[in-house]
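Some notes on the structure that comes next.
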Amino acid sequence: MSGVDQWLADVATAALVGSARREPPPLPDELDLGPTEQSTELSAEHRLLASAAVADALTRGGAPLAPASDAVPTAAAEVRPPAPDRATQLLTLLLTQSPVSKAARDELVVEWLTLADAAGRRVPWPLLPVLLDFAAGRRRVVSALGSVLGERGRWLAGLNDAWASILSGDEDAPVEVAADWVEAWPTMSSAEAVTAFALGRRADAAAARDLLDAQWTTVSAKVRADALRALGPGLSAADEPLLERALDDRAKSVRDAAAAMLDRLPASARAARMADRLRRLVQVRGTLVRHLEVDVPDAPDDAAVRDGLTPPAKGVAPPPTVWLSQVVRGAPLSAWTDITGRSPAATLKMVRDADVLAWLTEAVVERRDTDWAVACVDRGIPDPRLLWLLPDDRRAQLLTDWVARPSGGRDLRGLLGDAPRPWPDDLGRAVLKRIQGDKADLALGYAAAPLLPVALSPSLAPEINAALSRLPEDASHLRRALTETLQLHAFRTSLTEAFR
Numbered sequence: 003m004s005g006v007d008q009w010l011a012d013v014a015t016a017a018l019v020g021s022a023r024r025e026p027p028p029l030p031d032e033l034d035l036g037p038t039e040q041s042t043e044l045s046a047e048h049r050l051l052a053s054a055a056v057a058d059a060l061t062r063g064g065a066p067l068a069p070a071s072d073a074v075p076t077a078a079a080e081v082r083p084p085a086p087d088r089a090t091q092l093l094t095l096l097l098t099q100s101p102v103s104k105a106a107r108d109e110l111v112v113e114w115l116t117l118a119d120a121a122g123r124r125v126p127w128p129l130l131p132v133l134l135d136f137a138a139g140r141r142r143v144v145s146a147l148g149s150v151l152g153e154r155g156r157w158l159a160g161l162n163d164a165w166a167s168i169l170s171g172d173e174d175a176p177v178e179v180a181a182d183w184v185e186a187w188p189t190m191s192s193a194e195a196v197t198a199f200a201l202g203r204r205a206d207a208a209a210a211r212d213l214l215d216a217q218w219t220t221v222s223a224k225v226r227a228d229a230l231r232a233l234g235p236g237l238s239a240a241d242e243p244l245l246e247r248a249l250d251d252r253a254k255s256v257r258d259a260a261a262a263m264l265d266r267l268p269a270s271a272r273a274a275r276m277a278d279r280l281r282r283l284v285q286v287r288g289t290l291v292r293h294l295e296v297d298v299p300d301a302p303d304d305a306a307v308r309d310g311l312t313p314p315a316k317g318v319a320p321p322p323t324v325w326l327s328q329v330v331r332g333a334p335l336s337a338w339t340d341i342t343g344r345s346p347a348a349t350l351k352m353v354r355d356a357d358v359l360a361w362l363t364e365a366v367v368e369r370r371d372t373d374w375a376v377a378c379v380d381r382g383i384p385d386p387r388l389l390w391l392l393p394d395d396r397r398a399q400l401l402t403d404w405v406a407r408p409s410g411g412r413d414l415r416g417l418l419g420d421a422p423r424p425w426p427d428d429l430g431r432a433v434l435k436r437i438q439g440d441k442a443d444l445a446l447g448y449a450a451a452p453l454l455p456v457a458l459s460p461s462l463a464p465e466i467n468a469a470l471s472r473l474p475e476d477a478s479h480l481r482r483a484l485t486e487t488l489q490l491h492a493f494r495t496s497l498t499e500a501f502r
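Per my numbering: the sequence shown = residues 3 to 502.
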């Protein structure tokens, strides 16, 4: 150890134990920093502080330079021309001094990008940094960037970690996983293994399934259960043997995860077994008016327990309705139409038991079955989740009916917020009608106000102007929203003209 290194160690020791117990060491001769008149008169505390300052300067000055990074690659030549000057001015206004609310600004930026893409134009270079900053964290904006960024925009995004995720913002894009994740998976921690498996499943469903099958006895029950839950993307009949194997696992969490995945495979052997159990419980009754009578099952045997039914506990068994709900949710929906010989809509009309109807609805939502979802809606089942399983035109019509004739239990704010924008004209008219006049729905008004500027179609301008004169006196929030709607429509017109 050199004299300077020893001195640095002594300074550190003096700092740790205090100058009252250890005298700060004198400067080493190698530094050629002889004591000054002032330093000889300093107290031990001040000499220690001075030594610490010198030590810090030495440490910083002696640090090796960071290795030179690779040269930054140049951007490829642009393929698209920049947006026209007027369109550039409008995008600059939106990004730097937006004349509309934040939500409306997001919509207009997306619309600008869409129009630019349709016109074969790109974002001008000076606006790339501010646009990339704006897009980060805004999924809809990221999804609209596409080719509009241009070659230099993609190049620039790749140089900044805060922007790099924009390049992979498409959820449908191929998932990047480590090339050696399959080999490294058995040695990963539980959290790492589950994350790697989920990514690997999206990248190559078969490879992930084969890996889990091969490592089944070597990984923990938690990893097995979490990996089974991650089988959702790409779930198919090819996964059935692994899921059947998991039904025999010692861990309940693994068995439950396997049963939940098999619930989503209506053509599986387990689904057929559950259908057999259901058929033994359901009878068609009535002569003039046919209806379904559903009995509760007996205590499950070992085979039923293996398929996911709750085992009867010693002394206290669960209510038989618990087993019935598990059979209803586990059986394929086609079992019901096989029993009745009728369509889903006609079959649902034959179900009188409210609990059975609720369990059937859960099965429809889980399987995302459009035909059954339409039948459930026709049956009057007030479950908002069914709305998103319907065809677009039917969904819009149903939402319009719900707005026009509201009833309890529906989150209209959430439903309106999730509806595709702009709203169909009938839906827009229904909302406008409900928020004006003496009988205005105040709750709907507060819920709809933030959405109106981006949701109402320009074709409704006459209705919007009429509504402005009929709003309740205390509805300043609605007056602002409708005024902004008209301003937004004018801005949209300017955008369209700028790209012509």
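For every residue, glycine included, the Cβ atom is placed at its ideal position computed from N, Cα and C.
In the three-state reduction of the DSSP assignment, E295 falls in the strand class. With contacts defined as CB atoms closer than 8 angstroms, V379 and L401 fail to qualify as a contacting pair. Taking all protein chains in view, the Cβ of G155 is crowded by 16 or more other Cβ atoms within 10 Å, so the residue is classified as buried. DSSP places R62 in the helix class (H, G or I) of the three-state scheme. In this structure, P126 keeps its C-beta atom at 8 angstroms or more from the C-beta atom of P188.
A residue is called buried once 16 or more other Cβ atoms fall within 10 Å of its Cβ, and D7, having fewer, is exposed. A straight line joining the alpha-carbon of R415 with that of L151 spans about 34 angstroms. L244 places its beta carbon less than 8 angstroms from that of D215. A check of alpha carbon separations from S255 across T94, E368, A46 and A229 identifies A229 as the nearest. Per DSSP, reduced to three states, the secondary structure at R266 is coil, with no helix or strand assignment. For R23, the closest of W9, V358 and A46 by C-alpha to C-alpha distance is A46.
With distances taken between CA atoms, A193 lies nearest to V221 out of P424, V221 and A210.
Across the set V112, R203 and L147, the C-alpha of R203 shows the shortest separation from the C-alpha of G236. Counting of Cβ neighbours within 10 angstroms places E368 among the exposed residues, the total staying below 16. For Q285, the uninterrupted beta strand (DSSP E) run begins and ends at V284 to R287, by DSSP. Under the DSSP definition of a beta bridge, P464 lacks any partner.
Going by DSSP, E109 is part of the alpha helix (DSSP H) stretching over K104 to A120. Your pair A57 and L93 does not check out as a contact, with CB atoms roughly 53 angstroms apart and the cut at 8 angstroms. For P26, the three-state secondary structure derived from DSSP is coil. The three-state secondary structure of R124, taken from DSSP, is strand.
In this structure the segment 344-353 does not lie against the segment 305-320, because fewer than three pairs of beta carbons, one per stretch, are closer than 8 angstroms. Within the segment 381-428, no run of beta strand (DSSP E) reaches 3 residues while sitting entirely inside it. The Cβ atoms of P86 and A451 lie no closer than 8 angstroms to each other.
Excluding sequence positions up to five before and after L95, its CB lies within less than 8 angstroms of the CB of P101, all in the same chain and listed in chain order.
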